[in-house]
Amino acid sequence: MELLPTGKKLLHNATMKLILVTIALILLAMIPLNLFNHFSSPWPSPVSTKLGKKCDMFRGRWVQFPKGPYYTNNCMKFGRPDTEFLKWRWKPDECELPFFDAAQFLELVRGKSMAFIGDSVARNQMESLLCLLASEGDPITVSNTKYPLSKSCLYTDYNFTVASFWSPYLVKDIDAKPTAGTANSLMNVYVDEAPEAWMSQIEKFSYVIVSAGIWFFRPQVYYENGNIVGCHLCHKKNVTNLTALYGYRKAFQTTFRTLLRLKNFKGVTFLRTVSPSHFENGEWNTGGNCVRTKPVSSKEMRLEGLYPEMYSTQVEELNAAEKLGRKRGLKFRLLDTTEALVVRPDGHPGYFGKRVHENMTIPDCVHWCLPGPIDAWNEFLLQMLKMEGDSSLGQ
1 MELLPTGKKL
11 LHNATMKLIL
21 VTIALILLAM
31 IPLNLFNHFS
41 SPWPSPVSTK
51 LGKKCDMFRG
61 RWVQFPKGPY
71 YTNNCMKFGR
81 PDTEFLKWRW
91 KPDECELPFF
101 DAAQFLELVR
111 GKSMAFIGDS
121 VARNQMESLL
131 CLLASEGDPI
141 TVSNTKYPLS
151 KSCLYTDYNF
161 TVASFWSPYL
171 VKDIDAKPTA
181 GTANSLMNVY
191 VDEAPEAWMS
201 QIEKFSYVIV
211 SAGIWFFRPQ
221 VYYENGNIVG
231 CHLCHKKNVT
241 NLTALYGYRK
251 AFQTTFRTLL
261 RLKNFKGVTF
271 LRTVSPSHFE
281 NGEWNTGGNC
291 VRTKPVSSKE
301 MRLEGLYPEM
311 YSTQVEELNA
321 AEKLGRKRGL
331 KFRLLDTTEA
341 LVVRPDGHPG
351 YFGKRVHENM
361 TIPDCVHWCL
371 PGPIDAWNEF
381 LLQMLKMEGD
391 SSLGQ
């Protein structure tokens, strides 16, 4: 190797440092733009182009679709006067996303079962699915007296069960002051314990959709091995202050490891990525609202606050679970819904999430109208189920 003279060597080193710093700054600037692409790359989207290639159905934009929607439901009957938000459809950048086909969906899941584990937004997705399937089947509701917050429906003609398990933290939680009943009440969260409500029943399910989000913004005390390890917004003396991301990561770790550990679980696990809320001009308790009537551009509205880190955290944990799952023959898949919904502040019920005569002083900018943008989640899900079916045939 040729040795540089001292002066040239210093100049060379300075030049190299300048180049490296420039590259680093460029990469840092690109992080927000490439957040979704970076983490979704291990799971190719199953939608095919005309050339037979695969395209990423999770990257795209909303285009006008005057013929929408598939059905009518809650936001309309509760008095929402505008319909512009219904006239849009998700268009992947490099292909077309097929319309939801209820008959095809039910045939794919014939003799199988599907569970949604999470909070009320998880149930929101299940309700969207039930609405989308209504043209082909009317399920019977199966009561669960032991866990009344869970819901189960059976499509008898297809022997298909779909259920939702109420588990807002995914792990065991206990309200520290159950009589308070406020949105800011302190929760005890046992981050290393899966709750009996879903753990005792989940082994029989063919597909499991896992999600969690907004509950982690609340005050929480974190427990591990039965002992307090810290808290988030608890304001307790002599308790370590931890961020919400601590509990969030632990919750996904515990959930995925529980599914990996259950000997009789043979299902496919889908991570449905975090669902953004859209309170503008304030927070939910400081006058924030969501009154827009059509989508915005990605330049106008992006994932903000804690949401980008929540997104990356949950996908990192899915990556880890997917690697472990290979050893057991278990599949972990990414249902990457976040990018599509970031630009849909118009898709929430707002003040029209309940009956018109009810006094709704706080708008609902968390859940999604039915029909509405959330239906795209189940269009994604249908394509992923088709991919799973194709891969099974190829084995």
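According to full-length UniProt numbering, the stretch in the sequence shown is residues 1 to 395, in order.
Using N, Cα and C, we set each Cβ at its ideal position, and we do this for glycine too.
{"Check": "Assuming G79 and F352 form a contact by the criterion Cβ under 8 Å, report the distance between their Cβ atoms to the nearest whole angstrom.", "Outcome": "5 Å"}
{"Check": "Give the straight-line distance between the Cα atoms of M126 and G60, rounded to the nearest whole angstrom.", "Outcome": "24 Å"}
{"Check": "In the DSSP assignment, find the unbroken beta strand (DSSP E) run with C153 in it and report its ends.", "Outcome": "K151 to Y155"}
{"Check": "According to the neighbour-count rule (16 or more other Cβ atoms, all chains shown, within 10 Å of its Cβ), is E322 buried or exposed?", "Outcome": "buried"}
{"Check": "Does H232 pass the burial test, meaning 16 or more other C-beta atoms within 10 Å, or should it be called exposed?", "Outcome": "buried"}
{"Check": "Can the beta-carbon of V330 be found less than 7 Å from the beta-carbon of F270?", "Outcome": "Contrary to the premise, residue 330 reads as Leu rather than Val in this sequence. Their beta carbons are not under 7 Å apart, which means L330 does not touch F270 by this criterion."}
{"Check": "Give the secondary structure of W368 by DSSP, where H, G and I count as helix, E and B as strand, and everything else as coil.", "Outcome": "coil"}
{"Check": "Are the CB atoms of V315 and G247 within a distance shorter than 7 Å?", "Outcome": "no"}
{"Check": "According to DSSP, is T255 helix, strand or coil?", "Outcome": "helix"}
{"Check": "Just to confirm before moving on: does the CB-CB distance between M114 and V63 stay below 7 Å?", "Outcome": "no"}
{"Check": "Sort A122, G350 and R218 by Cα distance to L149 and report the nearest one.", "Outcome": "A122"}
{"Check": "Output the boundary residues of the alpha helix (DSSP H) element that contains V162.", "Outcome": "Here V162 belongs to no alpha helix (DSSP H); instead the beta strand (DSSP E) covers F160 to W166."}
{"Check": "Looking only at DSSP bridge pairs, what is P92 linked to?", "Outcome": "G60"}
{"Check": "Taking the CB atoms as reference points, tell me whether C369 and G347 lie closer together than 7 Å.", "Outcome": "yes"}
{"Check": "Quick one: what's got a C-beta closer than 6 Å to S135's C-beta in the same chain, skipping five residues either side?", "Outcome": "A102"}
{"Check": "Distance, Cα to Cα, G350 vs F116?", "Outcome": "24 Å"}
{"Check": "Measure the CB-CB distance between V274 and M310 and report whether it falls below 7 Å.", "Outcome": "yes"}
{"Check": "Rounded to the nearest angstrom, what separates N241 and G267 at their Cα positions?", "Outcome": "37 Å"}
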